[in-house]
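> With our numbering, you'll find the sequence shown wraps up at 584, consecutive numbering, no jumps. Please see the structure below; I have some questions.
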Amino acid sequence: MARLWVCVGAATFSLALLVFHSHFCRSPGLGTFVFFASWKIEKPLYRLDLNWPQNPEYFTGITFCVAVDSLKGLVYVAQRGDNIPKVLVFTEDGYFLRAWNDTVDTPHGIFATSTQYEQSVWITDVGSGSYGHTVKKYNSFGDLIQVLGTPGKKGTGVNPIQFDNPAEIYVENTGEIYLVDGDGGMNNRLLKLTQDFMMQWIRGENGTGPAQFNIPHSVTVDSTGRVWVADRGNKRIQVFDKTTGEWLGAWSDCFTEDGPYSVRFTPDEKYLIVAQLNINKLSLLAAPPVGNIGDCAVVSTIQLADQVSPHLVDVDRRTGAIYVAELGAAQVQKYVPLNNCLPSLSLD
Numbered sequence: 237m238a239r240l241w242v243c244v245g246a247a248t249f250s251l252a253l254l255v256f257h258s259h260f261c262r263s264p265g266l267g268t269f270v271f272f273a274s275w276k277i278e279k280p281l282y283r284l285d286l287n288w289p290q291n292p293e294y295f296t297g298i299t300f301c302v303a304v305d306s307l308k309g310l311v312y313v314a315q316r317g318d319n320i321p322k323v324l325v326f327t328e329d330g331y332f333l334r335a336w337n338d339t340v341d342t343p344h345g346i347f348a349t350s351t352q353y354e355q356s357v358w359i360t361d362v363g364s365g366s367y368g369h370t371v372k373k374y375n376s377f378g379d380l381i382q383v384l385g386t387p388g389k390k391g392t393g394v395n396p397i398q399f400d401n402p403a404e405i406y407v408e409n410t411g412e413i414y415l416v417d418g419d420g421g422m423n424n425r426l427l428k429l430t431q432d433f434m435m436q437w438i439r440g441e442n443g444t445g446p447a448q449f450n451i452p453h454s455v456t457v458d459s460t461g462r463v464w465v466a467d468r469g470n471k472r473i474q475v476f477d478k479t480t481g482e483w484l485g486a487w488s489d490c491f492t493e494d495g496p497y498s499v500r501f502t503p504d505e506k507y508l509i510v511a512q513l514n515i516n517k518l519s520l521l522a523a524p525p526v527g528n529i530g531d532c533a534v535v536s537t538i539q540l541a542d543q544v545s546p547h548l549v550d551v552d553r554r555t556g557a558i559y560v561a562e563l564g565a566a567q568v569q570k571y572v573p574l575n576n577c578l579p580s581l582s583l584d
């Protein structure tokens with residue numbers, strides 16, 4: 237592993253052939269930045285966008301999650317801390333637009349959906365206060381639209397639905413909802429809800445067997461009808477049929493060092509992007525063909541700096557850019573595809 241310390245001034249530069257992560261800190265009185273980069277020698281697929289965000293000073297807490305509205309070109313960041321705005325809104329170019337804080341206690345996951353008629357932002361809240369243990373839907377300005385769960389009260393029920401530290405949500409264009417419930421709480425389960433918030437199916441309990449979980453932490457869905465869950469505590473990814481909830485298989489051989497924290501597909505669904513917090517790494521795994529989960533295969537990695545701690549990621553479905561919410565660095569950074577090697581998905 238090669239490492240490099242570089243001090244730079246205001247000039248913008250590019251290291252086009254390296255897959256790297258940077259963390260900036262201003263040297264008092266010197267007007268310079270200390271830039272740390274680490275990389276692995278392999279075929280790079282992404283480069284760090286050094287100009288994102290344009291307004292990093294708005295990161296005032298611990299950045300837990302990030303969501304991209306690809307249609308509107310907006311990036312939502314949720315952070316934790318006292319007396320700070322919990323949700324920040326940026327443009328895809330990195331300019332700060334606005335912030336909001338109402339009814340958000342302790343955000344864990346965030347997801348943005350957008351149609352020509354509606355923009356929605358979903359937040360999973362794991363707080364112990366009056367807004368905690370819920371999944372909430374907002375408009376893009378932070379007005380509360382819908383609450384799932386009992387605010388301030390953890391539970392295991394399904395009628396009405398209750399949560400205990402819900403970790404993440406994924407919403408399809410059809411309005412169907414997938415939830416992983418159990419970021420260290422009493423629940424270890426995957427739920428699918430209809431667009432009317434009715435329970436369609438539920439899978440999971442605490443354990444190590446098929447369709448059992450130990451901290452289900454992230455969820456995503458591919459276009460072939462498979463649901464992918466980061467089973468963090470069991471150091472594996474489990475796959476389910478989105479219509480029936482049937483267990484389809486699991487990957488574990490890629491996660492001997494650390495469990496997967498976040499799962500998202502590239503727009504062409506050629507790769508599954510996985511974040512591993514404790515080893516500060518993003519991995520691109522080869523997505524399997526339909527009907528064959530097969531074995532896990534790492535195609536490329538992005539090795540981040542020590543103690544950056546990538547928690548959850550999201551992908552711009554139009555440009556292919558990856559946004560990474562970093563607990564240790566308390567920031568979100570953006571990685572863009574090199575040489576248009578990852579085709580974007582049309583949103584028309």
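Backbone N, C-alpha and C fix where the C-beta goes; we use that ideal spot for every residue, glycine too. Because the structure is a prediction, the values reported are computed rather than measured.
1) My output table needs one value for Gly645: the three-state DSSP class, helix, strand or coil.
2) Quick check on Asn470: does DSSP put it in helix, strand or coil?
3) May I have the straight-line CA-CA distance separating Leu520 from Leu508, to the nearest angstrom?
4) Output needed for Gln382: all residues of its chain with C-beta closer than 6 Å, excluding positions within five of it in sequence on either side, in chain order.
5) Please check if any C-beta of chain C sits within less than 8 Å of the C-beta of Gln315.
6) Quick one: what's Trp288 bridged to in DSSP?
7) Here's a check: name, in chain order, each residue in its chain whose Cβ is nearer than 6 Å to the Cβ of Ala303, leaving out the five neighbours to either side.
8) Under 8 Å, with one C-beta from each stretch per pair, do the segment 413-428 and the segment 388-402 reach the 3-pair mark?
9) Pick helix, strand or coil for Glu404, following the three-state DSSP scheme.
10) By how many angstroms is the C-alpha of Pro573 removed from the C-alpha of Gly485?
11) Flag this pair as yes or no: are the beta carbons of Lys308 and Gln355 separated by less than 8 Å?
12) Ignoring anything shorter than 4 residues, give me the alpha helix (DSSP H) runs that lie fully in the segment 442-519, in order along the chain.
13) Starting from the C-beta of Pro524, find all residues in its chain whose C-beta is less than 6 Å away, skip the five residues before and the five after it, and write them out in chain order.
14) Tell me which residue opens and which closes the beta strand (DSSP E) that Pro525 is part of.
15) Is it true that the CB of Phe295 sits closer than 8 Å to the CB of Gln315?
16) Please say whether Asp361 and Thr342 have beta carbons closer to each other than 8 Å?
17) Return the bridge partner residues of Pro321 from the DSSP annotation.
18) So the candidates are Val510, Asp305, Glu505, Asp467; which of them puts its Cα closest to the Cα of Val526?
19) In whole angstroms, what separates the C-alpha of Asp489 from that of Ile473?
20) Note down, in chain order, each residue of its chain lying with its Cβ closer than 7 Å to the Cβ of Val535, except the 5 sequence neighbours on either side.
21) Going by the beta-carbon positions, is the gap between Val457 and Tyr406 smaller than 8 Å?
22) Does the Cβ of Glu293 have 16 or more other Cβ atoms within 10 Å, making it buried, or fewer, making it exposed?
23) Assuming Ala561 and Phe300 are in contact, meaning their beta carbons sit under 8 Å apart, how far apart are those beta carbons, in whole angstroms?
24) Taking DSSP as the reference, what is the three-state secondary structure of Thr248?
25) To the nearest angstrom, how far is it from the Cα of Gly461 to the Cα of Thr480?
26) Compute the beta-carbon to beta-carbon distance between Leu284 and Tyr571, rounded to the nearest angstrom, for a pair I have assumed lies under 8 Å.
Based on what the coordinates show:
1) In the structure as shown, the chain begins at 237 and stops at 584. Residue 645 is therefore absent and cannot be evaluated.
2) helix
3) 6 Å
4) Lys373
5) Of the chains in the structure shown, none is chain C; there is only one protein chain.
6) Its beta-bridge partners do not exist; DSSP assigns none.
7) Tyr312, Ile346, Phe347, Ala348, Asp550
8) yes
9) strand
10) 29 Å
11) yes
12) none
13) Gly530
14) That residue, Pro525, is in no beta strand (DSSP E); it is neither H nor E in DSSP.
15) yes
16) yes
17) Pro321 is not bridged to any residue.
18) Glu505
19) 10 Å
20) Tyr507, Leu520, Leu521, Ala522
21) yes
22) exposed
23) 6 Å
24) Caution is warranted here: a pLDDT of 32 is assigned to Thr248, below 50, making its placement in the model unreliable, and no coordinate value can be reported.
25) 10 Å
26) 6 Å
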